Amino acid sequence: MYTVDFNLNKLIRKNIANLTPYSSARDEFSGSASVYLDANENPFDNGVNRYPDPLQRVLKSRLSELKGVPADQMILGNGSDEVIDLLFRAFCEPNQGNVIICTPTYGMYEVAANVNAVTIKEVLLDDDFQPDVDAVLKACDSNTRMLILCSPNNPTANVYEEERIQFLLNNFKGIVMLDEAYIDFAPGKTFTQKLIEYPNLVILQTLSKAWGMAGIRLGIGMASKAIVEILNRIKPPYNVNVLSQQKALELLKQEELYSSQVNTILEERGKLIDFLKKLNCVERVYATDSNFVLVKVSSAPELYEYLQTDGIIIRDRSKVVKLENCVRISIGTLEENQNLMQKLIAYDTLKL
Ligand SMILES: *Cc1c(COP(=O)(O)O)cnc(C)c1O
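Have a look at this one:
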């Protein structure tokens, strides 16, 4: 099934391939003992006086249960943003390599590329906001190291068709980074069970959205053991702090709360979409598989301004290519959404 000639050794940056990673006290002894005098920590217990587990083993074992992916195929980062940066550092040669993104998409990919002196090649999504697979393959050259796909995509809100993602996995010779930050809102659409088939696939998920933990910064990368091992070698040794690991474990136990919140958000999303479609100022509500909607209105800057004066902040995306007069609205609580809808009625009446 897998058709491309994928060679991880050829993709990894030379200096990274040759790197001797930092070996911390907790790397050199990871068993349990009664007296730890190896890390120059303060010995007096205040709950955070010890360094965290560099490999976050307890947390990964819980995530492994939830995601159905083995713990040794996971890397955790200080937000997905850190995992994105690690991928650039591991696989893209500065001032030489390039990566392909399908625009409009999440702005962080371009920033990470710029920080790492890697060229971004933009291939426009088609009119249904699906990746144009032929154009993507045509844009590749011998220095293209990574293809970044975001599904469900931010800010267009839709999932990419399975056949298209699969076609790209089968035909692109570099790393395919598939960002599934919003996958909890698109049941049945994850590619995690396909990790076994594709040695070039790296899936990103996050605890920042559906799991409600944006404040503790925890991103999840899932890939082959070989890729995870490379990323582990270059990550800062203690990149996920003790408090974040503890809080994540605590909240990841509350599976029912998580499910009921996701369901509420999906119900509220349906109500908001029905409401928006009736407004005169709304030209189009795009299909969504996420916890937000993309809406084309008569004037995005004007609507943004109007709502802002009333204390409601949405995202004006009208300057983005293909998103003329579009705003992005996150689904809030029942009360927040009602508040928004009231203000939208007032705005719409003004426009008549
Ligand atoms: C919000 C978001 C993330 C999450 O980033 P974190 O650093 O994990 O908070 C990742 N990708 C996309 C497309 C997002 O919209």
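Residue numbers (the numbering used here): 41 to 392. The beta-carbon is built from N, C-alpha and C at its ideal position, and this holds for glycine as well. Here the structure is a predicted model, which is why all the values come from computation and not from measurement.
- prompt: Is it buried or exposed for I353, if we count other Cβ within 10 angstroms and need 16 for buried?
  reply: exposed
- prompt: Nearest to V88 by CA position, among N55, G108, S284 and D112, is which residue?
  reply: S284
query: Are the Cβ atoms of L116 and V280 separated by less than 8 angstroms?
result: yes
message: The beta strand (DSSP E) that contains M253, what's its start and end?
response: Careful: M253 lies outside any beta strand (DSSP E) and carries neither H nor E.
- request: Report whether the distance from the Cβ of S19 to the nearest heavy atom of ligand 1 is below 7 angstroms.
  value: Past the edges of the chain, shown from 41 to 392, lies residue 19, and the structure says nothing about it.
query: Should P192 and S330 be called a contact, given that it needs their Cβ atoms to be closer than 8 angstroms?
result: yes
- prompt: Is the number of C-beta pairs between the stretch 166 to 180 and the stretch 192 to 202 that are closer than 8 angstroms three or more?
  reply: yes
task: Closer than 6 angstroms by C-beta to F212: which residues in its own chain qualify, once you throw out the five before and the five after it? Chain order, please.
output: L187
field: Assumed close pair R111, S120 - CB separation to whole angstroms, cut-off 8 angstroms
entry: In the sequence as displayed, the identity of residue 111 is Ala instead of Arg. With a Cβ gap of about 18 angstroms, A111 and S120 do not count as contacting.
message: So, for P61: in the same chain, excluding its five sequence neighbours on each side, which residues have a beta-carbon less than 6 angstroms away from its beta-carbon?
response: R273
Continuous beta strand (DSSP E) assignments of at least 3 residues falling wholly in the stretch 333 to 374: 366 to 370
query: Does ligand 1 have a heavy atom nearer than 7 angstroms to the CB of G261?
result: no
- request: State the Cα-Cα distance for the pair Q301 and D224, rounded to the nearest angstrom.
  value: 11 angstroms
message: With DSSP as the reference, identify every bridge partner of M262, one or two as the case may be.
response: M114 and I243
query: From this set, Y146, N138 and T145, which residue's C-alpha is nearest A157's C-alpha?
result: N138
field: Length of the line joining the Cα atoms of N118 and L258
entry: 5 angstroms
message: Taking a contact to mean a Cβ-Cβ separation below 8 angstroms, would you say E162 touches T143 in this structure?
response: yes
- request: Report yes or no: do three or more beta-carbon pairs, one from the stretch 76 to 94 and one from the stretch 216 to 230, lie closer than 8 angstroms?
  value: no
- prompt: With P277 and S64 assumed to form a contact (beta carbons below 8 angstroms), what rounded beta-carbon distance in angstroms separates them?
  reply: 4 angstroms
- prompt: Which whole runs of the beta strand (DSSP E) in the stretch 87 to 147 are 3 residues long or more, in chain order?
  reply: 114 to 117 and 138 to 143
message: Using DSSP's beta-bridge definition, name the partner residues of L189.
response: L218
- request: Leaving aside the five residues before and after A327 along the sequence, list all residues of the same chain whose C-beta is less than 8 angstroms from its C-beta, in chain order.
  value: A197 and N198
task: Following the continuous beta strand (DSSP E) through T159, name the residue where it begins and the one where it ends.
output: T159 to L164
message: In whole angstroms, give me the CA-to-CA distance for V367 and L374.
response: 20 angstroms
Counted within 10 angstroms of its Cβ, other Cβ atoms place V75 as buried (16 or more) or exposed: exposed
message: Comparing C-alpha positions only, which one of L165, E307, P83 and W251 sits nearest to N377?
response: E307
task: Check whether the Cβ of K249 lies closer than 7 angstroms to any heavy atom of ligand 1, and answer yes or no.
output: yes
query: How big is the Cα-Cα spacing for Y146 and K265?
result: 27 angstroms
- request: Mark G255 as exposed unless 16 or more other C-beta atoms lie within 10 angstroms of its C-beta, in which case mark it buried.
  value: exposed
- prompt: Within 7 angstroms: the Cβ of S300 and any heavy atom of ligand 1?
  reply: no
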